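Input: a single structure, listed below in structure tokens.
There are 2 protein chains.
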Amino acid sequence: MNLEGMRVMGIDPGLTRCGLSVVQAGRGRAILPVSVGVVRTPSDKDLTERLLRLSVAAKEWMEDYSPDVVAIERVFERGQVSTVMQTAHVVGVLVLAAAERDIPVYMYTPSEVKKAISGNGRADKKQMTTMITRILGLTEPPKPADAADALALAVCHCWRAPAIVRMDHTGLGLGAKTSGVRGQGKKR
Amino acid sequence: MNLEGMRVMGIDPGLTRCGLSVVQAGRGRAILPVSVGVVRTPSDKDLTERLLRLSVAAKEWMEDYSPDVVAIERVFERGQVSTVMQTAHVVGVLVLAAAERDIPVYMYTPSEVKKAISGNGRADKKQMTTMITRILGLTEPPKPADAADALALAVCHCWRAPAIVRMDHTGLGLGAKTSGVRGQGKKR
Numbered sequence: 157m158n159l160e161g162m163r164v165m166g167i168d169p170g171l172t173r174c175g176l177s178v179v180q181a182g183r184g185r186a187i188l189p190v191s192v193g194v195v196r197t198p199s200d201k202d203l204t205e206r207l208l209r210l211s212v213a214a215k216e217w218m219e220d221y222s223p224d225v226v227a228i229e230r231v232f233e234r235g236q237v238s239t240v241m242q243t244a245h246v247v248g249v250l251v252l253a254a255a256e257r258d259i260p261v262y263m264y265t266p267s268e269v270k271k272a273i274s275g276n277g278r279a280d281k282k283q284m285t286t287m288i289t290r291i292l293g294l295t296e297p298p299k300p301a302d303a304a305d306a307l308a309l310a311v312c313h314c315w316r317a318p319a320i321v322r323m324d325h326t327g328l329g330l331g332a333k334t335s336g337v338r339g340q341g342k343k344r
Numbered sequence: 157m158n159l160e161g162m163r164v165m166g167i168d169p170g171l172t173r174c175g176l177s178v179v180q181a182g183r184g185r186a187i188l189p190v191s192v193g194v195v196r197t198p199s200d201k202d203l204t205e206r207l208l209r210l211s212v213a214a215k216e217w218m219e220d221y222s223p224d225v226v227a228i229e230r231v232f233e234r235g236q237v238s239t240v241m242q243t244a245h246v247v248g249v250l251v252l253a254a255a256e257r258d259i260p261v262y263m264y265t266p267s268e269v270k271k272a273i274s275g276n277g278r279a280d281k282k283q284m285t286t287m288i289t290r291i292l293g294l295t296e297p298p299k300p301a302d303a304a305d306a307l308a309l310a311v312c313h314c315w316r317a318p319a320i321v322r323m324d325h326t327g328l329g330l331g332a333k334t335s336g337v338r339g340q341g342k343k344r
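Here the protein sequences come in this chain order: A and B.
Counting along the first sequence from 1, when you hit position 129 you're at 285 in our numbering, and nothing is skipped either side.
Counting along the second sequence from 1, when you hit position 65 you're at 221 in our numbering, and nothing is skipped either side.
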């Protein structure tokens, strides 16, 4: 299965800072960086206004870079309740933006991403940034952390996609180009 | 402050069943039912497809009934983790639909709604349905529970809105017609 040329948009969701990235799969495990950035929304604005801004930004990125697939971090009930809920609202808005463009969505947990990138599900931020910088051949480490995390999600999907596609050929129904939200190689 | 004629859309968010309602404030505490329904999305479809369907339905209701304000249930970290997260994704999509139309959004916790409707923050479903049927002068109890909950949210906002508007006049910045998400009479 050759996924060369596949464009993956990686998203590290957040209401205050949302990391967005696009990478393109090259030969074998090679991955080319296309774009990376962080969208911020002011904390003194209402949730409605902030979700609207994030939605507009995500849609612009999808229009500008035409990703074949979106990889987004799965939200867990960790940390402060209100922050987790806000992040989950953001994920809803981002998944909708992809759904409206018929772009399939895959979700990965932070430890799945860390394992895919560094071989260690508990890698720290510094290790992850070092690996991402090396993998993408960047001249300097991506900043802030949300940008590096968004790139890591995209790279994670590039490396896991061949296995997901192979599983699809076994008849598990994991087509790469349907509008699905999946993770851990299982259909959800 | 006269809120007569104000149209409130009440939403009981959920991925499998999402209750939608519209009521109109009458004289004093009188409230007229306008519409109520439940949007269902099939559990065998992907999250992307389901969020898209809910978004389309909510937008249709907003276009059809032109609510002045949306009242939606605040999601808590209760129950099964995955269900809570899915509901939070749905809330994000619904709040976005309102934001795109510049409709202000207010959030209320289940106990705030119960207290407003029945005077008891721990009222059970049967009590709530009885009260809603009586308040709106319905010929029969609204079904299913999600429909009754959606109506209860809308009624709750109608009765709390005058206090919120009064607070706005004290200079707390709680304008009724800005795109805000609020609850418990405090700006968030």
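For each residue, glycine too, the CB sits at the ideal point set by N, CA and C.
Predicted, not measured: the structure shown is a model, and the values here were computed from it.
Exercise. Please name the residue in A:Leu207, A:Ile291, A:Pro318 and A:Pro260 whose C-alpha comes closest to that of Ala308 of chain A.
Key: Out of A:Leu207, A:Ile291, A:Pro318 and A:Pro260, A:Ile291 has the C-alpha closest to the C-alpha of Ala308 of chain A.
Self-check item: Bridge-paired residues (DSSP) for Cys312 of chain A
Solution: Within the DSSP bridge table, the entry for Cys312 of chain A names no partner.
Quiz item: Nearest chain B C-beta to Gly248 of chain A closer than 8 Å, yes or no?
Solution: Taking Cβ atoms only, chain B reaches closer than 8 Å to Gly248 of chain A, which makes this a yes.
Self-check item: Per DSSP, cross-strand counterpart(s) of Arg196 of chain A
Solution: For Arg196 of chain A, which the question treats as bridged, DSSP gives the partners A:Arg173.
Practice problem: Within its chain, find whatever has a CB closer than 6 Å to the CB of Ile288 of chain A; leave out the 5 residues flanking it on each side and keep chain order. | Solution: Ala304, Leu307 and Ala308
Self-check item: Close Cβ partners of Ala214 of chain B (< 6 Å) along its chain, the five nearest in sequence each way excluded
Solution: Leu250 and Ala253
Quiz item: Are the C-beta atoms of Ser267 of chain B and some chain A residue less than 8 Å apart?
Solution: No - not a single Cβ of chain A is within 8 Å of the one on Ser267 of chain B.
Quiz item: Less than 8 Å separating the beta-carbons of Tyr264 of chain B and Ala310 of chain B?
Solution: no
Quiz prompt | Paired residues, beta bridge with Val179 of chain A - DSSP | solution = According to DSSP, Val179 of chain A bridges with A:Val164 and A:Pro189.
Exercise. Using a Cβ-Cβ cut-off of 8 Å, state whether Met218 of chain A counts as contacting chain B.
Key: Not closer than 8 Å to any Cβ of chain B, the Cβ of Met218 of chain A fails to qualify, so no.
Quiz item: Do you know offhand how far Lys281 of chain A's Cα is from Thr172 of chain A's?
Solution: Those two C-alpha atoms are separated by around 19 Å.
Quiz item: For the segment 294-304 of chain A against the segment 186-195 of chain A, are there 3 or more C-beta pairs whose distance is under 8 Å?
Solution: yes
Quiz item: Using DSSP with H/G/I as helix, E/B as strand and the rest coil, what is Val225 of chain B?
Solution: strand
Quiz item: First and last residue of the beta strand (DSSP E) that includes Val261 of chain B?
Solution: Val261 to Tyr264
Quiz item: Taking the C-alpha atoms as reference points, what is the distance between Gly182 of chain B and Leu203 of chain A?
Solution: One C-alpha to the other measures close to 29 Å.
Practice problem: Could you list which residues in chain A have their beta carbon closer than 7 Å to that of Ala347 of chain B, in chain order? | Solution: Absent from the model: residue 347 of chain B. The displayed extent of chain B is 157 to 344, so no value can be given.
Quiz item: According to the Cβ coordinates, are Ala317 of chain B and Leu159 of chain B closer than 8 Å?
Solution: yes
Quiz prompt | Counted within 10 angstroms of its Cβ, other Cβ atoms place Ala186 of chain B as buried (16 or more) or exposed | solution = exposed
Exercise. Keeping to the same chain, check which residues put their C-beta closer than 7 Å to that of Lys270 of chain A; ignore five residues upstream and five downstream.
Key: The residues are Asn276, Gly277, Arg278, Ala279 and Met284.
Quiz prompt | CB contact below 8 Å: Val231 of chain B versus chain A | solution = With 8 Å as the cut-off, Val231 of chain B counts as an interface residue toward chain A.
Quiz item: From Arg163 of chain B to Cys312 of chain B, what does the alpha carbon distance come to, in whole angstroms?
Solution: 13 Å
Quiz item: With DSSP run on the structure shown, which of helix, strand or coil describes Thr295 of chain A?
Solution: coil
Quiz item: Is the shortest distance between the beta-carbon of Ala227 of chain B and the beta-carbons of chain A less than 8 Å?
Solution: Residue-level contact check: Ala227 of chain B does not touch chain A, since none of the beta carbons of chain A fall below 8 Å from its beta carbon.
Practice problem: Starting from Ala244 of chain A, trace the alpha helix (DSSP H) both ways and give me its first and last residue. | Solution: Val237 to Glu256
Quiz item: So, is Gln236 of chain A buried or exposed, given that buried needs 16 or more other C-beta atoms within 10 angstroms?
Solution: exposed
Quiz item: So with Cβ pairs under 8 Å, would you call Val261 of chain B a contact of chain E?
Solution: Although the question refers to chain E, the structure presented lacks it and instead comprises the protein chains A and B.
Quiz item: So which residues on chain A does Val251 of chain B lean against when the C-beta distance must stay under 7 Å?
Solution: Going along chain A in sequence order, the residues near Val251 of chain B (Cβ under 7 Å) are Leu203, Thr204, Leu207 and His245.
Quiz item: Relative to the alpha-carbon of Met165 of chain B, which residue among B:Pro198, B:Glu229 and B:Leu208 has its alpha-carbon at the smallest distance?
Solution: B:Glu229
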